[in-house]
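Under the working numbering, the first residue of the sequence shown carries the number 1, and numbering increases by one thereafter.
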Amino acid sequence: MVALGINLIVKDSRLIASLYKLTLEDEKKINQEVWHMGREAGKLNMEPISIEIERPEDPIRVKQYPISLEGRRGLKPIIEDLIAKGILEPCMSRHNTPILAIRKTDGSYRLVQDLRAVNERTKTWFPVVANPYTLLNQVSPEDI
């Protein structure tokens with residue numbers, strides 16, 4: 001077992017987290033396949049994650065945002081690489097969520113998918129719990 005060097009302390013109603021670097025000895029004990037090396041990407045050997053959406057018969061269709069020619073040129077090698085690695089597969093789907101070309105400070109691009117429409121229709125597994133602070137503010141002195 002490897003100690004990760006995480007320390008959590010509750011002090012004066014605050015949570016304080018302290019993180020410590022791993023020692024070389026501890027680092028050697030960790031399976032090397034978990035470390036990200038360079039710009040590689042891959043697929044996990046696991047079942048795909050599936051979500052349930054409300055009204056599945058009604059497709060999620062969000063119009064694609066305009067992407068500049070420069071942005072499309074920046075995304076092209078990223079998409080081609082993901083297809084070549086089998087991470088992305090070309091398909092025709094009833095659903096559509098827009099992608100964005102986000103320019104990085106070094107001039108390269110990052111592929112970002114806007115999944116807000118999916119999040120809005122995703123069935124949650126857990127009930128929404130009210131914020132305790134909000135509930136306590138609703139209690140009047142007469143209620144105590």
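Here a beta-carbon is modelled for each residue, glycine too, at the ideal position from N, C-alpha and C. Keep in mind it's a predicted model, so treat the numbers as computed, not measured.
Under 8 angstroms, do residue i and residue j count as touching if we go by C-beta distance?
{"i": "Gly71", "j": "Tyr133", "result": "no"}
{"i": "Ile30", "j": "Thr122", "result": "no"}
{"i": "Leu75", "j": "Ala101", "result": "yes"}
To the nearest angstrom, how far is it from the Cα of residue i to the Cα of residue j?
{"i": "Glu57", "j": "Asp143", "result": "47 angstroms"}
{"i": "Tyr20", "j": "Arg73", "result": "41 angstroms"}
{"i": "Met92", "j": "Lys63", "result": "15 angstroms"}
{"i": "Thr105", "j": "Leu135", "result": "44 angstroms"}
{"i": "Ile16", "j": "Asn7", "result": "8 angstroms"}
{"i": "Lys11", "j": "Asn131", "result": "21 angstroms"}
{"i": "Thr124", "j": "Asp114", "result": "19 angstroms"}
For residue i, collect the residues of the same chain with a Cβ closer than 6 angstroms to its Cβ; drop the 5 residues on either side in sequence, then sort them by chain order.
{"i": "Tyr65", "result": "Pro98"}
{"i": "Arg61", "result": "Asn96"}
What residue range does the beta strand (DSSP E) around residue i cover?
{"i": "Ala172", "result": "Here the chain has residues from 1 to 144 only, and residue 172 is not among them."}
In chain order, what residues of the same chain have a beta carbon less than 8 angstroms from the beta carbon of residue i, not counting five sequence neighbours either side?
{"i": "Ile79", "result": "Leu88, Leu111"}
{"i": "Ile83", "result": "Glu89, Pro90"}
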